[in-house]
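These notes are about the structure you will find just below.
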Amino acid sequence: DLELRPWSISPETLENEYVQKVCGQIPFLGGRSTHWSGWSPIPSTKELAGWPEDLKVPLQKTYFGLAQKFLGVIEANEINAFENNNYLYGTFQSGLKSRLDSANTIESVEHVRHAPLAMGNDRSIKFSTVERLLSMENVTVIYECTVEEILHDGKKATALRTSQGTIEIPNNTKLILAMSTLPATTLVLNSFKTTEFPQLCNVGKRLTAHFVSSVIARVPRQNLSLPDNAPDVELGAVYIPGINDGAQYHLQLSGVAYTQCNDTNNIHDICKKYSANSIPNECIDRSRDDIVVSCSTLGELDYKNKSNQFNLANNNQSLTTNGELKFHLNDQDERLWDLMDSVTFKVMNKLSCSANGDDLEYWHETDKKWKKDPPPSDQIRNKNLVHDASTMWIGDNEDTEAPVGLDYRLKGVNNVYLTGGALWPTGGSWNPVLTIVAMAMHLADTM
Numbered sequence: 001d002l003e004l005r006p007w008s009i010s011p012e013t014l015e016n017e018y019v020q021k022v023c024g025q026i027p028f029l030g031g032r033s034t035h036w037s038g039w040s041p042i043p044s045t046k047e048l049a050g051w052p053e054d055l056k057v058p059l060q061k062t063y064f065g066l067a068q069k070f071l072g073v074i075e076a077n078e079i080n081a082f083e084n085n086n087y088l089y090g091t092f093q094s095g096l097k098s099r100l101d102s103a104n105t106i107e108s109v110e111h112v113r114h115a116p117l118a119m120g121n122d123r124s125i126k127f128s129t130v131e132r133l134l135s136m137e138n139v140t141v142i143y144e145c146t147v148e149e150i151l152h153d154g155k156k157a158t159a160l161r162t163s164q165g166t167i168e169i170p171n172n173t174k175l176i177l178a179m180s181t182l183p184a185t186t187l188v189l190n191s192f193k194t195t196e197f198p199q200l201c202n203v204g205k206r207l208t209a210h211f212v213s214s215v216i217a218r219v220p221r222q223n224l225s226l227p228d229n230a231p232d233v234e235l236g237a238v239y240i241p242g243i244n245d246g247a248q249y250h251l252q253l254s255g256v257a258y259t260q261c262n263d264t265n266n267i268h269d270i271c272k273k274y275s276a277n278s279i280p281n282e283c284i285d286r287s288r289d290d291i292v293v294s295c296s297t298l299g300e301l302d303y304k305n306k307s308n309q310f311n312l313a314n315n316n317q318s319l320t321t322n323g324e325l326k327f328h329l330n331d332q333d334e335r336l337w338d339l340m341d342s343v344t345f346k347v348m349n350k351l352s353c354s355a356n357g358d359d360l361e362y363w364h365e366t367d368k369k370w371k372k373d374p375p376p377s378d379q380i381r382n383k384n385l386v387h388d389a390s391t392m393w394i395g396d397n398e399d400t401e402a403p404v405g406l407d408y409r410l411k412g413v414n415n416v417y418l419t420g421g422a423l424w425p426t427g428g429s430w431n432p433v434l435t436i437v438a439m440a441m442h443l444a445d446t447m
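Residues in the sequence shown are numbered from 1 upward in steps of one, following UniProt numbering.
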């Protein structure tokens, strides 16, 4: 397991029916950017409901576009990935999108589009921060140095207490917390007590994230009427957002079309390298001409649910691990999860050419078999939340409860700024990387 979770889970959270944890950090150079899917949608105005207008305008006018360019985000039908003397995103990409276009008639679905993926570089591989960091001359990385506490004089940060000793912060220096949502929240809770900084009393009192269902289906390759000269292996990716009663979800579908092949590993390696969602090797049957589609559906955990919080635990643990996560799905979450699972199977059914859907099969993980019946909820619902956010949300002057102002600075602390998902007023359902990058660029210009 590559993931590190420097926090604890409350006992009542561990009793939840489906989700009991949150995905952790990857504590290596590059972090999560070395193990991500590449999905990079721009949220619409409707999806940014609840965000300050003075933040939305610059993001939509300037910074979403800059982030797209920085990450190399393009739509799947424009990806030039080339393998085995063929382009991988071609006729199947077009056919998959066309076949699923009618999903926009499903109630609550917003639209169907070619997937926006951070794969627009010369090699058509996913963006990673590692290359950028290693190519920069003005960045210093201190290894094996854990920041335990921010020391301050009541107005500004003055030093960092670390596992390698105290590091002084010179005057007029700005400290930026770019360390993901929950660890940054732990650091702020330990460093700035509300008795001295009452404007930070709501740090950790709001929490959102995404719950996930994962479904894999297959149909005969002939269902998409691919031309005779189509490559033996092709990939496709489609993005379908939806909103129901203000609660957001989206489907991210990634597929592979292949002919009978003596090398299953070759198909799997291509999927692993270039596809957006992972497609398990065991789901590829080289004796058949198939289309296999993996669908991950993400739903928005209700940010208004006061049961969802991140606080300091009453224990004697290290200052870096004494945060405690607590969350519980409410009625809105349950309704949304039921709805998005239903929509997922309706969308998958669009792949079928049969009136009764008997050419469509689903992968049942428990039995490791393909079956006609859809898998039950306990097989498709992920026990880990992803994309935790909103613990130190950003707000305008009217939002007096927000711990962070529109200048990205912790209220009451003159020189500490924040990046990442912790800033989000609401979590929506969209994949967060592009928005996080756009906000970091906005912060840089604001400073």
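Virtual Cβ for every residue (Gly too), placed ideally from N, Cα, C.
Contact between Pro374 and Trp51 fails: their C-beta atoms lie close to 36 Å from each other, not under 8 Å.
Shown here, Ile26 sits in coil according to DSSP, grouped into three states, outside any helix or strand. Of all C-beta pairs linking the region 239 to 255 to the region 201 to 208, fewer than three are shorter than 8 Å, placing the two stretches out of contact. DSSP places Ser98 in the uninterrupted alpha helix (DSSP H) bounded by 91 to 100. Taking C-beta separations shorter than 6 Å and ignoring five residues to either side along the sequence, the partners of Leu339 in its chain run Asn244, following chain order. Less than 7 Å separates the beta-carbon of Tyr408 from that of Leu443. Note on geometry: alpha-carbon atoms of Met439 and Gly420 lie some 8 Å from one another. DSSP places Glu324 in the uninterrupted beta strand (DSSP E) bounded by 323 to 326. Counting only unbroken stretches of 4 or more residues, the alpha helix (DSSP H) elements lying wholly within the region 248 to 306 are 264 to 274, in sequence order.
The continuous alpha helix (DSSP H) containing Leu71 extends over residues 64 to 71. Following the DSSP letters along the chain, one finds Glu234 inside the beta strand (DSSP E) bounded by residues 233 to 244. Lys372 sits exposed, since fewer than 16 C-beta atoms from the chains shown fall within 10 Å of its C-beta. Looking at the DSSP output, Arg381 sits in a beta bridge with Ser213.
For the pair Thr158 and Ile169, the CB atoms are nearer than the 7 Å cut-off. Per DSSP, reduced to three states, the secondary structure at Gly421 is helical. In this structure, the straight-line span from the alpha carbon of Asp290 to that of Glu234 is close to 11 Å. Between the alpha carbons of Met348 and Val147 lies a gap of roughly 47 Å.
Of the residues Gln25, Phe127, Ala76, the one whose Cα lies closest to the Cα of Val437 is Phe127. A straight line joining the alpha-carbon of Ser44 with that of Gly31 spans about 28 Å. The region 159 to 214 contains, as complete alpha helix (DSSP H) runs of 4+ residues, the segments 181 to 191 (chain order). The Cβ atoms of Ser8 and Ala313 lie closer than 7 Å to each other. Nearest neighbour of Thr166 by Cα position, chosen from Asn172, Lys156, Glu149, turns out to be Glu149. When secondary structure is reduced to three states using DSSP, Ala230 falls in the coil class, being assigned neither helix nor strand. If you check the CB distance, Leu301 and Ala184 do not come in under 7 Å. Here Ser307 has Lys326, Phe327, His328, Asn330 as same chain residues with Cβ atoms under 8 Å from its own Cβ, once five neighbours each way along the sequence are excluded. DSSP, reduced to helix, strand and coil, places Ser124 outside both helices and strands of the structure shown, so it counts as coil. Following the DSSP letters along the chain, one finds Lys369 inside the beta strand (DSSP E) bounded by residues 369 to 371.
Straight across, the Cα-Cα distance linking Gly95 with Asp228 is about 14 Å. Under a 10 Å Cβ-count criterion, Lys155 is classified as exposed, with fewer than 16 other Cβ atoms of the shown protein chains found around its own Cβ.
Distance from the CA atom of Asn281 to the CA atom of Pro58, rounded to whole angstroms, is 43 Å. Per DSSP, the beta-bridge partners of Gln309 are Lys326. In this structure Trp430 is not in contact with His268, their Cβ atoms being roughly 28 Å apart against a cut-off of 8 Å.
Ala76 is a Cβ neighbour of Ala115, given a cutoff of 7 Å.
Here Ser8 is bridged, per DSSP, to Glu324. Assignment of Asn415 by DSSP, reduced to helix, strand and coil, places it in the coil class.
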